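Written out below as structure tokens is the structure these notes cover.
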Amino acid sequence: MRVLLGGLSELAEGRVKVVFFPQGTPPKRSILFLKAPVGPKAYWNVCRHLPVPLDGGLMRLEEGLVCLTHGAKYQPNSGRCFEGPCLGEYLEAIPIEVEGDQVYAIV
Ligand code: FES
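For the sequence shown, our numbering assigns the number 20 to the initial residue and increments by one for each residue that follows.
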């Protein structure tokens, strides 16, 4: 299934868009869509410490993707946790397809 994440031109550098996916199997109910230094990336919005969303739409990338529950920090390019209680674990990446300006997650 393809899920439209949004347009690349609408996604500012250093910002994270949370795309809700209510038909997903819990805890996979939303997707983090971001412009990482290596390009567009999508991850399930599920921390590797506990199965809760990192949240929310105001996240910035200066210090990585930060879980607001206990402060785990993940690298935008790889999803690897580089600080916090799940050090060394990875956010689950979602394959994407880019068509023109539109980016889709393949779930
Ligand atoms: S739930 Fe994310 S760091 Fe604990």
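For every residue, glycine included, the Cβ atom is placed at its ideal position computed from N, Cα and C. The structure displayed is predicted, hence computed values, not measured ones.
Please report the distance separating the alpha-carbon of F29 from that of Q121. Note on identity: in this sequence residue 29 is Glu, with Phe being the wrong assignment. The straight-line gap from Cα to Cα measures roughly 10 Å.
Kindly identify the DSSP beta-bridge partner or partners of V38.
-> V38 is bridged by DSSP to I50.
### Query
So the beta strand (DSSP E) P21 belongs to, where does it begin and stop?
One point to set straight first is that residue 21 is Arg, not Pro, in the sequence displayed. Per DSSP, R21 belongs to the beta strand (DSSP E) from 21-26.
Flag P45 as yes when its Cβ comes closer than 7 Å to any non-hydrogen atom of ligand 1, and as no otherwise. Taking non-hydrogen atoms of ligand 1 into account, the C-beta of P45 is found less than 7 Å away from none of them.
Review point. Who are the Cβ neighbours of P56 in its own chain at under 8 Å, not counting the five residues just before and after it?
Key: The answer, listed in chain order, is P95, N96.
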